[in-house]
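Here is the structure we will look at.
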Amino acid sequence: MDPADKFPTIVVEDTAESLDELSEYLDVLSSSARLKIVKFLEKKPRDARAISHEIETSYENTKKHLDRLMSVGVIKKEAGLGAPTSKGIHPVWQYSLVPGGMEAIIRNLGLFSNTRVQIIGGEISKRLESVKSTLTQEVLGNVPAAIVLGGHDDGRIFLLKADTVPVGRIDPEHPADAIGDAGVEISGTYTAVTRISKPHGRFLSKKNAWYFEDCGSTGGTVLNNAPLESGVPTQVHDGDLLELAKGAGGMRLLLIIPKIHK
């Protein structure tokens, strides 16, 4: 592999079983309506009629969308009670996200697209980017995100909502420094990562671009296999891989940064 490459290239024959599975996965997630359903089910289970009303399509089409989402293990259905009516309360099927379902979708698409899957004789790479773009718009609201890869917080998604976002492991000795949604605060199991009270690093948004700055961490930060100089903001892009303190006790962040359309 060329050392200049950020990620390995995976070449898959277009007759491979794995390609068929990936193709089916992309087909299911290529629909904006299905992604709206996933987003709608984030907070609590809903029945098909409530979902139909939310996405503004027929009950029959809604059922088809739900069946496709269940076919790839994103949602599940269980018996529940419907809303009260003049004839009483009746049992209905209620649909909900499989635990970690949303995180798994974003993680899977991010990993597949950023390992540069090349399909011999196929168009899967273009479809992958198209689905990822739709998901970024419908689910993340075009907000940049960092996804944890590996360890206790594997699959956890942090949205970068502020212009300055500190990154580090939780600091139980400084509860006053709790930052909620304003930072990337990870589990204490990542022992080689500097505590967030004196952050390992921080994301910075400047002039329609995103940067990462290592704030003098003990373990250092690596961007796509290149060590970062402490105190120097370095621009990051969609698909970049940040490693905070390589090796045991370190962690990796996969970046999802939507393109800005001018």
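Those letters in the sequence shown? Residues 1345 to 1606, per the numbering used here, in order.
Glycine included, each C-beta is placed from N, C-alpha and C at the ideal position.
Source: prediction; values computed, not measured.
Inspect the beta-carbon positions of residue i and residue j and report whether they are closer than 8 Å.
i            : j            : result
residue 1567 : residue 1578 : yes
residue 1530 : residue 1598 : no
residue 1545 : residue 1511 : yes
residue 1537 : residue 1513 : yes
residue 1488 : residue 1472 : no
residue 1616 : residue 1495 : It is not possible to answer for residue 1616, since the shown part of the chain is limited to 1345 through 1606.
residue 1479 : residue 1441 : no
residue 1483 : residue 1387 : no
residue 1540 : residue 1527 : yes
Give the single residue among the options whose Cα lies nearest to the Cα of residue i.
i            : options                   : result
residue 1379 : 1503, 1450, 1541 and 1404 : 1450
residue 1404 : 1392, 1548 and 1384       : 1392
residue 1475 : 1574, 1590 and 1377       : 1377
residue 1550 : 1583, 1509 and 1514       : 1509
residue 1418 : 1444, 1540 and 1574       : 1444
residue 1401 : 1388, 1375 and 1420       : 1375
residue 1452 : 1481, 1366, 1590 and 1580 : 1366
residue 1370 : 1477, 1542, 1570 and 1421 : 1477
residue 1437 : 1422, 1446 and 1448       : 1422
residue 1591 : 1413, 1580, 1563 and 1414 : 1563
residue 1446 : 1407, 1502 and 1435       : 1502
residue 1454 : 1603, 1390, 1547 and 1582 : 1582
residue 1506 : 1470, 1481 and 1553       : 1553
residue 1420 : 1439, 1406, 1412 and 1407 : 1439
For residue i, does the count of other Cβ atoms within 10 angstroms reach 16, so buried, or fall short, so exposed?
i            : result
residue 1516 : exposed
residue 1425 : exposed
residue 1396 : buried
residue 1600 : buried
residue 1557 : buried
residue 1497 : buried
residue 1584 : buried
residue 1409 : buried
residue 1594 : buried
residue 1464 : Model confidence at residue 1464 stands at a pLDDT of 43, short of 50, so the residue's coordinates are unreliable and nothing is read from them.
residue 1416 : buried
residue 1543 : buried
residue 1580 : buried
residue 1576 : exposed
Where does residue i sit, in a helix, a strand or coil, going by DSSP?
i            : result
residue 1545 : strand
residue 1596 : strand
residue 1472 : helix
residue 1534 : coil
residue 1603 : coil
residue 1487 : coil
residue 1570 : strand
residue 1371 : helix
residue 1501 : strand
residue 1385 : coil
residue 1589 : coil
residue 1506 : coil
residue 1391 : strand
residue 1551 : coil
Consider the Cβ of residue i: report whether some Cβ of chain C lies at a distance smaller than 8 Å.
i            : result
residue 1597 : In the structure shown, chain C does not exist; there is a single protein chain.
_Every unbroken alpha helix (DSSP H) within the region 1401-1441, with a cutoff of 4 residues, ordered by chain_ = As far as the region 1401-1441 is concerned, its whole alpha helix (DSSP H) runs of at least 4 residues are 1403-1415.
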